[in-house]
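The sequence shown begins at 2 in my numbering and counts up by one. Yeah, the Cβ is synthetic: ideal placement off N, Cα and C, and Gly gets one too.
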Amino acid sequence: MAKPPSRSRAPRPVGAPALKSNVANLRALAHPLRLRMLELFAEMPRTTKQVAELLGQPPTRLYHHVAALERAGLVILKETRPNRGVVEKWYESVAKQMSVSGQATSTTTKSSRRAVAMTVLEQSRQEMIAAVTGGADGAPLLVRLVVAGKPEMMPAIRNRLMATLKEIQQEFKRDDGSGPEDADYDRWALTMAFAPVWPKGKRKARKR
2 MAKPPSRSRA PRPVGAPALK SNVANLRALA HPLRLRMLEL FAEMPRTTKQ
52 VAELLGQPPT RLYHHVAALE RAGLVILKET RPNRGVVEKW YESVAKQMSV
102 SGQATSTTTK SSRRAVAMTV LEQSRQEMIA AVTGGADGAP LLVRLVVAGK
152 PEMMPAIRNR LMATLKEIQQ EFKRDDGSGP EDADYDRWAL TMAFAPVWPK
202 GKRKARKR
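In structure tokens, the structure reads:
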């Protein structure tokens, strides 16, 4: 496999890109295969063929998905290189981690955000089941914690969770020049959900 184009900047942490809350971005990612592709493009510039090999998919199946991600502005064409009579196109994700946050302001945006959320959660469900039942090296971690507190506490907790994720990402990013194709390179996914358990207005009144 050809090596990616050389870059002088520091290597980027592994992960999927941050999402802006617009319909084009959200609709483009409401597909499990595109989600996996975006994660791989976030690691380093790659060609569609390289991503197809990592996912075990035929390249012809991925070309229109790459085009959809590019139209939505989630990946960019980083470089073109001639190789044996053809022109290779190297793509890269525009950001490092995926998050869908804030309030949706229209029915269309709400529907798109719901589709992305279901895609992410379903992908995580499949990965967890495979890890638990397939005897993967290293024990998977599944935690559910319900926090009860005043409404004004919740934004502070959310901000602290996001800050912790950023600290982990910075602490464990690659800095030795190794690449994701190394034989000893593992990928673990972290999916975090922080959402109300009971919608407002449906809580039972406290008995006095």
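Who are the near neighbours of residue i in its chain, counting only those whose CB is closer than 7 Å to its CB and skipping five residues on each side?
i           : result
residue 10  : Residue placement at residue 10 is poorly supported in this model, since its pLDDT is 47, which falls under 50; the coordinates are not used for a value here.
residue 128 : 190
residue 141 : 129, 132, 133
Let me check understanding here. Comparing Cα to Cα, which of the options lies closest to residue i?
i           : options            : result
residue 144 : 55, 117, 192       : 192
residue 58  : 35, 72, 139, 31    : 35
residue 50  : 90, 85, 43, 125    : 90
residue 30  : 118, 130, 55       : 118
residue 199 : 149, 154, 123      : 149
residue 197 : 172, 155, 188, 161 : 155
residue 131 : 189, 64, 159       : 189
residue 79  : 55, 126, 92, 166   : 92
residue 84  : 55, 68, 56, 48     : 48
residue 77  : 126, 87, 43        : 43
Measure the Cβ-Cβ separation of residue i and residue j and say whether it is below 8 Å.
i           : j           : result
residue 52  : residue 70  : no
residue 66  : residue 38  : yes
residue 33  : residue 123 : yes
residue 161 : residue 195 : no
residue 81  : residue 88  : yes
Could you tell me whether any non-hydrogen atom of the ligand FAD is closer than 7 Å to the CB of residue i?
i          : result
residue 66 : This structure does not include the ligand FAD; it has no bound ligands of any sort.
Can you give me the Cβ contacts of residue i inside the same chain, cut-off strictly under 6 Å, excluding the 5 residues immediately before and after it?
i          : result
residue 63 : 49, 53
Could you pull out every residue in the same chain whose Cβ sits closer than 8 Å to the Cβ of residue i, ignoring the five residues on either side in sequence?
i         : result
residue 7 : The predicted position of residue 7 is uncertain, since its pLDDT is 48 and thus under 50; no value can be drawn from it.
Which complete beta strand (DSSP E) runs does the segment 32-106 hold, if anything under 3 residues is left out? 76-84, 87-94
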